[in-house]
Amino acid sequence: MLLVKENEGLWRYKYTCPMLGIKFPSSTYIIKIGQKLLVVSPGRWDEQLSSELSELGEVGWLFTPNAFHHVFYHQWQRAYPEAEHWGLKATQKRAKTLQFSHLYHGERTPFGDSVELCLLEGAPSVSEVAIFIPQSKSLIFTDFIFNVNPPQPWFTRLMLQMVGVYNRVGTSKIFRSSVVDKKALQKSVIEILKLDFDRVYPNHGQPITKDAQQTLEQSLGWLFNG
Ligand SMILES: [Fe+2]
């Protein structure tokens, strides 16, 4: 099985995304809303995954929740042309050949109360959107929070150590350097911390299933105390 059930209405597909010699342990999250599926950060697509997805429901929406997670998006657009293709202005800027049906910028979404999208202001080149699922008290981050544990290939380990996110919950130096308005980011994160979540699901690395709220807060010293 490629899809692993993580929580009520939430599945994860783990894959490796090679980039500049780094093998990023990555995740695609699938959220079931009614009979439809919202695919967050569509990763490497394959036939078996497609067949497992069709048993779960109908792929209704594809969503790339920041400017960088669009590498495999075209594969999914080809496989699911009837789905709504959601992106962000920042994604469109970087991926000029991708055509999105919707560019999210804070408006109402078709997900009703099932999913809340929380834009992280203050880092427009990343434009990350955190995803909160109230029913399962789950919070999904893409590049804002990493939790990559050993073992990893040596070069991956080295590079993640260099950007400060190996074997710890935290925000990379790359993300931090993209922040142009720290106060705006603080404001967004304060709102996120008010949400009633008990699990954090980073795209890169392992879910945080124990003391998630406290662990997340502790990892954010650089934002609030730095
Ligand atoms: Fe990433």
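Each residue of the sequence shown is one higher than the one before, starting from 28 at the first, in the numbering used here. No residue lacks a Cβ here, since even glycine has one placed at the ideal position from N, Cα and C. Because the structure is a prediction, the values reported are computed rather than measured.
Inter-residue CB distance, residue i and residue j (contact presumed, cutoff 8 angstroms)
i	j	result
T91	S68	6 angstroms
G149	V206	6 angstroms
L250	L212	7 angstroms
A110	L80	With 8 angstroms as the limit, A110 and L80 do not qualify as a contact, their Cβ atoms being about 11 angstroms apart.
F171	T198	6 angstroms
Q175	P52	One point to set straight first is that residue 175 is Val, not Gln, in the sequence displayed. Indeed they touch by this definition, with Cβ atoms about 6 angstroms apart.
F224	F159	6 angstroms
A106	W72	6 angstroms
Cα-Cα separation, residue i to residue j
i	j	result
I219	M189	28 angstroms
L29	I58	15 angstroms
P229	V216	15 angstroms
Q179	V153	25 angstroms
L187	Y40	22 angstroms
T169	L65	15 angstroms
I235	G253	24 angstroms
K200	E155	15 angstroms
P108	G248	43 angstroms
L76	Y56	12 angstroms
L144	L166	10 angstroms
V98	G70	8 angstroms
S163	K221	16 angstroms
L47	T183	10 angstroms
G87	W103	12 angstroms
E35	H231	21 angstroms
K214	A157	14 angstroms
L146	P177	30 angstroms
W181	I49	9 angstroms
N194	D238	17 angstroms
P151	Q240	25 angstroms
F95	H101	13 angstroms
Any non-hydrogen atom of ligand 3 closer than 7 angstroms to residue i Cβ
i	result
S54	The model on display carries ligand 1 but not ligand 3.
**Report entry** Any residue whose CB is nearer than 7 angstroms to a heavy atom belonging to ligand 1, listed in chain order
**Finding:** F51, S53, F95, H96, T169, D170, N230 and H231
Query - Stretch pair the segment 126-135 + the segment 98-116: three plus CB contacts closer than 8 angstroms - result: yes
**Report entry** 3 or more residues per run - each beta strand (DSSP E) lying fully within the segment 173-234
**Finding:** 226-229
Query raised in the report: Which runs of the beta strand (DSSP E) fall wholly inside the segment 33-119 and span at least 3 residues, in chain order?
Result: 37-46, 49-60, 63-67, 85-90 and 111-115
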